[in-house]
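The structure appears right after this line, and notes come after that.
There are 2 protein chains.
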Amino acid sequence: MIKHVVLIKFKPEVTEDQVDDVERSLDALPGAIPEILSYDFGRDVVHSERSFDFGLVSSFSDLEALERYQEHPDHQAILGKLTSLCDQIIVVDFTF
Amino acid sequence: MIKHVVLIKFKPEVTEDQVDDVERSLDALPGAIPEILSYDFGRDVVHSERSFDFGLVSSFSDLEALERYQEHPDHQAILGKLTSLCDQIIVVDFTF
Numbered sequence: 001m002i003k004h005v006v007l008i009k010f011k012p013e014v015t016e017d018q019v020d021d022v023e024r025s026l027d028a029l030p031g032a033i034p035e036i037l038s039y040d041f042g043r044d045v046v047h048s049e050r051s052f053d054f055g056l057v058s059s060f061s062d063l064e065a066l067e068r069y070q071e072h073p074d075h076q077a078i079l080g081k082l083t084s085l086c087d088q089i090i091v092v093d094f095t096f
Numbered sequence: 001m002i003k004h005v006v007l008i009k010f011k012p013e014v015t016e017d018q019v020d021d022v023e024r025s026l027d028a029l030p031g032a033i034p035e036i037l038s039y040d041f042g043r044d045v046v047h048s049e050r051s052f053d054f055g056l057v058s059s060f061s062d063l064e065a066l067e068r069y070q071e072h073p074d075h076q077a078i079l080g081k082l083t084s085l086c087d088q089i090i091v092v093d094f095t096f
């Protein structure tokens, strides 16, 4: 299995409403993309010096399933929206 | 519940043996720290432009349990080791 992990630092001007909108879009993906086996996300609640603003943890059966998810039009749509709101997006994909 | 997510970029000179050593230390933590509810980690396998080298995804019942984990001497020991090997450590803690 593959754990797909994405940590995000938003641009300073990003509003809570915009983050709510991102969450609504993410919420809809598991219903539209069957390759998603698990999909958890949320805003950081600790705010340490090492903290980014937002995290997504998802899992897939294998790399091919992860690629189909990444190429899915619904994912592409939110990736476009998300990229415009972010200063940094860090990703790690590991087998578990 | 709290998802504690840590993404790591190692220093360029870090060896595979050193990463193996980190993994062995991480492997031992769930047995020593009962607050850990889930604990998955591993090396990145995609190596995209956004990829860091290593990821850890763990979960705890609440923030107090996460704090007891972070203060546990076994966690403190590996944190010291890990910090010396890293260029960057990024963390997000979110409720799910």
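Residue numbers (full-length UniProt numbering), protein chains in the order written: chain A, 1 to 96; chain B, 1 to 96.
Even for Gly, the Cβ is constructed at its ideal location relative to N, Cα and C.
If you're wondering where the values come from, they're calculated on a predicted model, not measured in any experiment.
Does the beta-carbon distance from residue i to residue j come in below 8 Å?
i: Leu85 of chain B; j: Leu7 of chain A; result: no
i: Lys9 of chain A; j: Asp53 of chain A; result: yes
i: Val92 of chain B; j: Val22 of chain B; result: no
Between residue i and residue j, what straight-line distance do the alpha-carbon atoms span, to the nearest angstrom?
i: Ile90 of chain A; j: Ile33 of chain A; result: 22 Å
i: Glu16 of chain A; j: Phe41 of chain A; result: 15 Å
i: Val45 of chain A; j: Ser58 of chain A; result: 19 Å
i: Ile78 of chain A; j: Glu67 of chain B; result: 33 Å
i: Gln76 of chain B; j: Ile2 of chain A; result: 28 Å
i: Arg50 of chain B; j: Ser48 of chain A; result: 22 Å
i: Leu63 of chain A; j: Tyr39 of chain A; result: 16 Å
i: Pro30 of chain B; j: Ala65 of chain B; result: 13 Å
i: Gln88 of chain A; j: Lys11 of chain A; result: 8 Å
Using 10 angstroms around the beta-carbon of residue i, count the other beta-carbons present and answer buried if the total reaches 16, otherwise exposed.
i: Glu35 of chain A; result: buried
i: Phe94 of chain A; result: buried
i: Arg43 of chain B; result: buried
i: Gly55 of chain B; result: buried
i: Phe96 of chain B; result: exposed
Can you pull the chain A residues whose beta carbon is under 9 Å from the beta carbon of residue i, in chain order?
i: Phe96 of chain B; result: Asp40, Phe41, Gly42, Val57
Going along chain B in order, which residues have a C-beta closer than 7 Å to the C-beta of residue i?
i: Phe10 of chain A; result: Chain B residues near Phe10 of chain A: none, gap ~12 Å exceeds 7 Å.
i: Lys81 of chain A; result: Simply none; closest approach about 16 Å.
Given that residue i touches chain A, what residues does it touch there, using C-beta distances under 8 Å?
i: Phe54 of chain B; result: Val92, Phe94
Closer than 9 Å by beta-carbon distance: list the chain B residues that pair up with residue i, in chain order.
i: Ser48 of chain A; result: Val91, Asp93
i: Ser51 of chain A; result: Ile90, Val91, Val92, Asp93
Which residues in chain A sit within 7 Å of residue i, going by Cβ to Cβ distance?
i: Leu7 of chain B; result: Val5, Leu7, Ile90, Val92
Looking at the ligand FMN, does it come within less than 7 Å of residue i, judged from the CB to the closest heavy atom?
i: Ile89 of chain A; result: As far as ligands go, the structure on display features none, and thus does not contain the ligand FMN.
List, in order along the chain, the chain B residues whose C-beta lies closer than 8 Å to that of residue i?
i: Val45 of chain A; result: Ile2, Leu63, Asp93, Phe94, Thr95
Task: Validate contact between the segment 12-27 of chain B and the segment 64-72 of chain B using beta carbons, cut 8 Å, 3 pairs - done: A contact between stretches requires three or more CB pairs, one per stretch, nearer than 8 Å, and the segment 12-27 of chain B fails this requirement with the segment 64-72 of chain B.
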